[in-house]
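Participant:
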């Protein structure tokens, strides 16, 4: 509590000084430090008490450095010195060190000296006249009570920490309400002993005292053995062990970690650096907060602002892994506790990344969904269009089948009549005294062929009437399709006394399409051609297949009919356009739709010698 | 020639059908000949054999009427049995106009087909017989003297002896003598028979009838 008093005192003094400086600045604008550092960047010397490995000071120092560089936008010169007083405490050495530094910094006198920890503070207060006579001194790393014991001169301001061990004990009490025992571990170094004294004082003031055991002046192994035999309802308080009873210098944090891990009861400590090593928690001024606070003091000093001691507030820190290890409830932690090493759910650990990922995924999903929906809609539309096309083509086929049915029926009469005659002939052969078996064989062979022919005709008709839900893609020979169509048309052509001429190359002309669709196109064009020849004397239907150029198959259907008026050459492919009394105006439209859906083209021309010619170009199938 | 079986001329572009009909008629005691088109028939048709023509009307490039005209010239005695696929009015009318002796649907049974052929053959025989008789009668008429022919022409048109005598500038008695001679030469026992012969030979046209 003396520290607190001295703190208030210093605060008053610094306020007075600040006012004085402010007055000076008002009168002359020439004020101490501000004048001295004109024309160059300010210099700050940071003094570390030990070597670079002490996390307490290195964390604070590092934070302070970063903050200074940030605040001055890098326009600052920083020096660091490690006094190494944990190992070299000899007064002579310390004096040599001071002389060495005085010489070293003679050309570059620091404007501010930042002392970390009690040893650094004592050192610079003692040797400031030789090392940094003009510099203002700021410090951190000691408690207010320690600072007051050092009897620091005026003009030296600190960010003093609070290492009130009772707050840590209160934290432990909250977590372990059933604990009956308090075991305090402390080493053998002078610093350790100071801690022991302070702790004893604080513990004595506890309102609800514990049975307290102090473990001190033991070797590390002995410490380990003792803490590993503790009953579970113990609160283990590990202070510092910078030296054990064997006199070895030790990194206190590592020892604390070792003991915490070996302990059979939850352990606590005074420093934030212990958190993560195995203790459950602490209430402490974090070294980060101290570094930040002392940097602010240094900046104020450089800016020649009024200054005062500041108390770095204590923070409750806890290690989630240790809570879990001991089965302690997170809900029993004091409010505002900073919980580290939470086995955070992936969500807690990376929620921003997760949110972002989810957002991206969601956006993507939406986009994909939209695209899928669009695709589905399109697919549906295409399916509907295709099924309508199929339906229309089917109607077209049915209509054609209807129109051709008479001639197809007649067409059937040929093989059926032949079969009938052959059967009768066979009967006559069998009735004869000496049946001619050779003739019988011939007759039967002919009957079989005619039966096949009849089947083919019916199959052709059925293919026109067959309703299908899907396009049957297949690779087919255009010649074959034309030949099939002509077979269907044969009867009709006979009836109408139309001569058919089909000129085809010897090879195959493969295309990929639906056989029935393509056949229907040929039927539509051919029946149109025959209709065009109703009143003319010469009636010839001329079909020709071939290759236009690489990759294109050409089917041309010419007639000797009346031809098409030139202005109507394109109109005939329009829906419901017809020149015939009984026409639907759909045949050529359907043909064009079918041809185009297979990637082809269709158009009509007039032949110079009379009559029309309709040409169909289809992409040739790529046969490997 | 008449000793050989009558021949059925089958005109059909469908070879299978042609062959089957040929086979059937041969087994039924006829001879057969097949033609793929009307033109082929006209080119190869033997004119002096008894028989009939079986003609499919549904053939590309066939004009039934024209074929009928040509057949009437080259083989008037050959009856034609028309085969139609439809039996619809237009085809039937066309077939009748083409001078169909008989016509039959293609779907007709083999018995009907054979019956039609048989009828046609009978008709052909009749025609042939008639044809022969006409030739004979023509020869008889040709044997008449010029004056007798004149008298014959008049009396078959229903002129009385008196009128004939007046037209000839002779006596009724002379006319009677001519008549007796004519009747004898023609083998006619009555005026009615003489008129029938004249009619058969196409000597009496309707316009000149009283």
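Protein chains in written order, with this note's numbering: chain A, 1 to 624; chain B, 1 to 210.
Yeah, the Cβ is synthetic: ideal placement off N, Cα and C, and Gly gets one too.
Let me check one thing: in DSSP terms, what residues is residue 95/A bridge-paired to?
Facilitator: Partner(s): none; residue 95/A has no beta bridge.
Participant: Quick one: what does DSSP say residue 268/A is sitting in, helix, strand or coil?
Facilitator: It is a strand residue.
Participant: Does DSSP classify residue 151/A as helix, strand or coil?
Facilitator: Note: residue 151/A maps to coil in three-state DSSP.
Participant: Which whole-angstrom value is the C-beta distance of residue 215/A and residue 255/A, which I expect to be below 8 Å?
Facilitator: Contact flag wrong, Cβ pair sits at about 12 Å.
Participant: Residues of the region 136-168 of chain B with a CB closer than 9 Å to any CB of chain A: list them in chain order, please.
Facilitator: Result list empty, no residue passes.
Participant: If you measure beta-carbon to beta-carbon, which residues of the region 417-435 of chain A are closer than 7 Å to chain B?
Facilitator: Per Cβ criterion, the list reads 417, 418, 420, 421, 422, 424, 425, 428 and 429.
Participant: Determine, using beta carbons only, whether residue 154/B and residue 167/B come nearer to each other than 8 Å.
Facilitator: Taking 8 Å as the Cβ cut-off, residue 154/B and residue 167/B qualify as a contacting pair.
Participant: Within its chain, find whatever has a CB closer than 6 Å to the CB of residue 471/A; leave out the 5 residues flanking it on each side and keep chain order.
Facilitator: Counting only Cβ-Cβ distances below 6 Å, and skipping sequence neighbours, we find 514.
Participant: Determine the DSSP secondary structure at residue 77/A, reduced to helix, strand or coil.
Facilitator: Here residue 77/A sits in strand by DSSP.
Participant: Checking the sheet assignment: what are the DSSP bridge partners for residue 213/B?
Facilitator: Here chain B covers residues 1 to 210 and nothing more, so residue 213/B does not appear.
Participant: Between 314/A, 377/A and 490/A, which has its C-alpha nearest residue 168/A's C-alpha?
Facilitator: For residue 168/A, the nearest C-alpha among the options comes from 314/A.
Participant: Counting Cβ pairs closer than 8 Å, one from the region 248-263 of chain A and one from the region 271-280 of chain A, do we hit at least three?
Facilitator: Contact holds: three or more Cβ-Cβ distances are below 8 Å.
Participant: Which residue comes first and which comes last in the alpha helix (DSSP H) that contains residue 197/A?
Facilitator: Its alpha helix (DSSP H) spans residues 190-204.
Participant: Using a Cβ cut-off of 8 Å (strictly closer), state whether residue 415/A contacts chain B.
Facilitator: Cβ-Cβ to chain B under 8 Å: yes for residue 415/A.
Participant: Taking beta-carbon pairs under 8 Å, can you tell me which members of the region 448-473 of chain A lie near chain B?
Facilitator: Within the region 448-473 of chain A, the qualifying residues are 449, 450 and 453.
Participant: Could you name the residues of chain A that residue 14/B contacts, counting a contact when the two beta carbons are closer than 8 Å?
Facilitator: The contacting residues are 414 and 418.
Participant: Whose C-beta lies closer than 7 Å to the C-beta of residue 200/A among residues of the same chain, with five residues either side of it excluded?
Facilitator: Excluding sequence neighbours, residue 200/A sits near nothing in its chain.
Participant: Using a Cβ-Cβ cutoff of less than 8 Å, which residues in the same chain neighbour residue 338/A once the five nearest sequence positions on both sides are dropped?
Facilitator: If we look at residue 338/A and ignore the five residues flanking it on each side, its Cβ neighbours are 315, 316, 317 and 318.
Participant: Using a Cβ-Cβ cutoff of less than 8 Å, which residues in the same chain neighbour residue 99/A once the five nearest sequence positions on both sides are dropped?
Facilitator: 130, listed in sequence order.
Participant: Would you decide whether residue 143/A is buried or exposed? Buried here means 16 or more other CB atoms lie within 10 Å of its CB.
Facilitator: Classification for residue 143/A: buried.
Participant: Report yes or no: is there a C-beta of chain B within less than 8 Å of the C-beta of residue 607/A?
Facilitator: Not an interface residue.
Participant: With 16 as the cutoff for other CB atoms within 10 Å, does residue 106/B come out buried or exposed?
Facilitator: Classification of residue 106/B: buried, given that the 10 Å Cβ count is 16 or more.
Participant: State the Cα-Cα distance for the pair residue 185/B and residue 199/B, rounded to the nearest angstrom.
Facilitator: Straight-line Cα distance between these residues: approximately 17 Å.
Participant: Starting from residue 279/A, follow the alpha helix (DSSP H) in both directions and report where the run begins and ends.
Facilitator: That residue, residue 279/A, is in no alpha helix (DSSP H); it is neither H nor E in DSSP.
Participant: Starting from residue 287/A, trace the alpha helix (DSSP H) in both directions and tell me its first and last residue.
Facilitator: Run containing residue 287/A: 287-302, per the alpha helix (DSSP H) assignment.
Participant: Would you mind reading off the limits of the alpha helix (DSSP H) that contains residue 587/A?
Facilitator: Run containing residue 587/A: 587-597, per the alpha helix (DSSP H) assignment.
Participant: For a contact defined as C-beta to C-beta under 9 Å, what are the partners of residue 443/A on chain B?
Facilitator: Here the neighbours are 20 and 23.
Participant: Give me whichever residues DSSP pairs with residue 48/A in a beta bridge.
Facilitator: According to DSSP, which records beta bridges pairwise, residue 48/A is partnered with 82/A.
Participant: From 47/A, 172/A, 68/A and 147/A, pick the residue whose C-alpha is nearest to that of residue 127/A; which is it?
Facilitator: Residue 47/A is the option with its Cα nearest to residue 127/A.
Participant: Count the other CB atoms within 10 Å of the CB of residue 437/A; is the residue buried (16 or more) or exposed (fewer)?
Facilitator: Result: exposed.
Participant: Is residue 27/B close to chain A, meaning its C-beta is less than 8 Å from at least one C-beta of that chain?
Facilitator: Judged by the 8 Å Cβ criterion, residue 27/B is in contact with chain A.
Participant: Could you spell out the range, first to last residue, of the alpha helix (DSSP H) harbouring residue 181/A?
Facilitator: Not the alpha helix (DSSP H): residue 181/A falls in the beta strand (DSSP E), residues 181-186.
Participant: Which of the three DSSP states, helix, strand or coil, is assigned to residue 141/A?
Facilitator: Looking at residue 141/A - three-state DSSP - the assignment turns out to be strand.
Participant: Applying the criterion that 16 or more other CB atoms from any shown protein chain within 10 Å of the CB defines a buried residue, is residue 484/A buried or exposed?
Facilitator: Residue 484/A is buried by the Cβ-count criterion.
Participant: Determine whether the beta carbon atoms of residue 159/A and residue 293/A lie at a separation below 8 Å.
Facilitator: Yes; because the gap between Cβ atoms is below 8 Å, this pair is in contact.
Participant: Quick one: what does DSSP say residue 473/A is sitting in, helix, strand or coil?
Facilitator: Note: residue 473/A maps to coil in three-state DSSP.
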